[in-house]
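**Student:** Dropping a structure here in structure tokens format, bear with me for questions.
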Amino acid sequence: MLTIPTRGDLHKRPVETDRLALVPVDASDGHELWFAVNGSRATLQRWLPWVQYHTDPVSSGRFAEACATDWDQGRAVRFVIREKSSGSLIGIVGLEQCVHMHRSAELGYWLRNEAHRRGYMTEAARCCVDFAFRRMGVHRVRVAAATDNHPSLKVIGRLGFRFEGVARQAEWCDGRWLDHAVFGLLATDA
Ligand SMILES: CC(C)(COP(=O)(O)OP(=O)(O)OC[C@H]1O[C@@H](n2cnc3c(N)ncnc32)[C@H](O)[C@@H]1OP(=O)(O)O)[C@@H](O)C(=O)NCCC(=O)NCCS
Numbered sequence: 091m092l093t094i095p096t097r098g099d100l101h102k103r104p105v106e107t108d109r110l111a112l113v114p115v116d117a118s119d120g121h122e123l124w125f126a127v128n129g130s131r132a133t134l135q136r137w138l139p140w141v142q143y144h145t146d147p148v149s150s151g152r153f154a155e156a157c158a159t160d161w162d163q164g165r166a167v168r169f170v171i172r173e174k175s176s177g178s179l180i181g182i183v184g185l186e187q188c189v190h191m192h193r194s195a196e197l198g199y200w201l202r203n204e205a206h207r208r209g210y211m212t213e214a215a216r217c218c219v220d221f222a223f224r225r226m227g228v229h230r231v232r233v234a235a236a237t238d239n240h241p242s243l244k245v246i247g248r249l250g251f252r253f254e255g256v257a258r259q260a261e262w263c264d265g266r267w268l269d270h271a272v273f274g275l276l277a278t279d280a
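This is the structure in structure tokens:
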């Protein structure tokens, strides 16, 4: 079984890196999420099929509420990424599809455009994977990125994931099929 610290515990003691705070997504984050997603819509929707469902602040609020419920029920662990210096919400990193029996989860992430190319996602995703292994008892983290999503593939490479294969036409996104490069990292990998 996985051990998932409560959102309350983590709100009191946020998971931190040098430049970032990772805080469980809360229902009250909906409004900021709307501005982040809507402001970077053109970039995000190329790779993330769910972006089209953020149609207004209310829909982003519903997503934020669902994140809180998913966390509490042990289905997914999603963190808002905040820049410590400004306090602003710059994106989300999380572990989707937490499977307690197999101690596995799937890494997912995005950044708003203004936060690209500063090493923030590598820093946040490394911290999230570390949280998975050390705090949750995850044995295997899977991550998949479209074979032409080069920024994401570079993040995955920097984290030390091992390439496992290509899942052909794995996702219908923004009017085209995405082939997914699939990677895994085990708690026992060096
Ligand atoms: C995927 C995504 C999060 C990657 O963002 P990114 O900004 O390229 O990644 P990082 O934040 O780790 O930044 C890395 C870059 O910052 C540069 N950088 C600049 N200053 C830096 C610093 N102080 N420390 C570290 N790196 C720094 C690095 O050299 C690197 O550039 P490079 O990739 O050209 O070598 C972003 O492109 C995104 O949100 N895309 C849309 C959604 C998406 O595709 N999600 C993933 C689906 S699988």
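Just add 90 to the spot in the sequence shown (first one is 1) and you have the working numbering.
Here a beta-carbon is modelled for each residue, glycine too, at the ideal position from N, C-alpha and C.
Do you know how far the Cα of G151 is from the Cα of Q135?
**Tutor:** Taking the straight line joining both Cα atoms gives about 19 Å.
**Student:** Below 8 Å between beta carbons: does that hold for R207 and S130?
**Tutor:** no
**Student:** Cα separation between K102 and V189?
**Tutor:** 26 Å
**Student:** Buried or exposed: F253, going by 16 or more other Cβ atoms within 10 Å of its Cβ?
**Tutor:** exposed
**Student:** So does the stretch 258-270 actually touch the stretch 222-231, counting three or more Cβ pairs closer than 8 Å?
**Tutor:** Look at the beta carbons and you see the stretch 258-270 not touching the stretch 222-231: under three pairs across the two are nearer than 8 Å.
**Student:** Is any heavy atom of ligand 1 found at a distance shorter than 7 Å from the C-beta of Y200?
**Tutor:** One point to set straight first is that residue 200 is Trp, not Tyr, in the sequence displayed. Distances from the CB of W200 to the heavy atoms of ligand 1 include at least one below 7 Å.
**Student:** Okay, do the stretch 240-250 and the stretch 159-175 touch, 3+ Cβ pairs below 8 Å being the bar?
**Tutor:** no
**Student:** Can you tell me whether DSSP reads L185 as helix, strand or coil?
**Tutor:** strand
**Student:** Inspect the CB distances between the stretch 139-156 and the stretch 174-185 and report whether three or more fall short of 8 Å.
**Tutor:** no
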